[in-house]
Amino acid sequence: MSTAEIQVRVRPLTQDTCRVTVTYRRTGLSAEGDRFVDTFAAGFEKEGPVWEELVNRRLRAWQDSRARAPGLHLDIDIKMV
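Our numbering puts the first residue of the sequence shown at 172, with every later residue one more than the last.
Here it is in structure tokens:
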């Protein structure tokens with residue numbers, strides 16, 4: 172068993188770009204939870220680019236469906252503490 176806290180902070184960089192910082196805090200509450208957190212942490216560095224691509228792809232689709240201009244791009248920084 173484990174617990175997690177996810178903090179999402181958004182701040183504008185330019186008129187059409189925002190910096191999003193996602194911070195994870197994971198804590199194992201049992202031996203199994205500790206193993207889960209260790210496994211999660213081992214692959215964590217790969218998550219940032221994946222999140223950024225998926226969120227921006229969805230955001231572009233949303234903007235395209237509403238003919239919004241200019242587009243908004245999110246620069247996502249994901250970290251685990």
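C-beta: ideal position from N, C-alpha, C; glycine also.
Please read all numbers here as calculations on a predicted model, not as lab measurements.
Buried or exposed: where does V208 fall if 16 or more other Cβ atoms within 10 Å of its Cβ makes it buried?
The residue you call residue 208 lines up with position 37 of the sequence shown. Buried: at least 16 other Cβ atoms inside 10 Å.
Look at the alpha carbon of C189 and the alpha carbon of P183, and state the distance between them as a whole number of angstroms.
The residue labelled residue 189 in the question sits at position 18 within the sequence shown. The residue labelled residue 183 in the question sits at position 12 within the sequence shown. Answer to the nearest angstrom: the Cα atoms are 4 Å apart.
Quick check on A232 - is its C-beta less than 8 Å from some C-beta in chain D?
Annotation note: the requested chain D is absent from the structure, which comprises a single protein chain.
Rounded to the nearest angstrom, how far is the Cβ of L197 from that of A232, given a contact under 8 Å?
As a first step, residue 197 is located in the sequence shown; it is residue number 26 there, counting from the start. As a first step, residue 232 is located in the sequence shown; it is residue number 61 there, counting from the start. The amino acid occupying residue 197 in the given sequence is Arg; Leu does not appear at that position. No, R197 and A232 are not in contact; Cβ-Cβ is about 30 Å, not under 8 Å.
Could you check which residue in Q178, G199 and G204 has the C-alpha nearest to that of T192?
By one-based count along the sequence shown, residue 192 stands at place 21. It is Q178 whose Cα lies nearest to the Cα of T192.
Rounded to whole angstroms, what's the CA-CA distance from N227 to A202? Just pull it up for me.
Numbered from 1 along the sequence shown, position 56 holds the residue referred to as residue 227. Numbered from 1 along the sequence shown, position 31 holds the residue referred to as residue 202. Taking the Cα positions, N227 is about 37 Å away from A202.
To the nearest angstrom, how far is it from the Cα of D205 to the Cα of F215?
For this step, residue 205 is matched to residue 34 along the sequence shown. For this step, residue 215 is matched to residue 44 along the sequence shown. Cα-Cα distance, rounded: 15 Å.
With DSSP as the reference, label L230 as helix, strand or coil.
Working through the sequence shown from its first residue, we reach residue 230 at position 59. Residue state, collapsed to three classes: helix.
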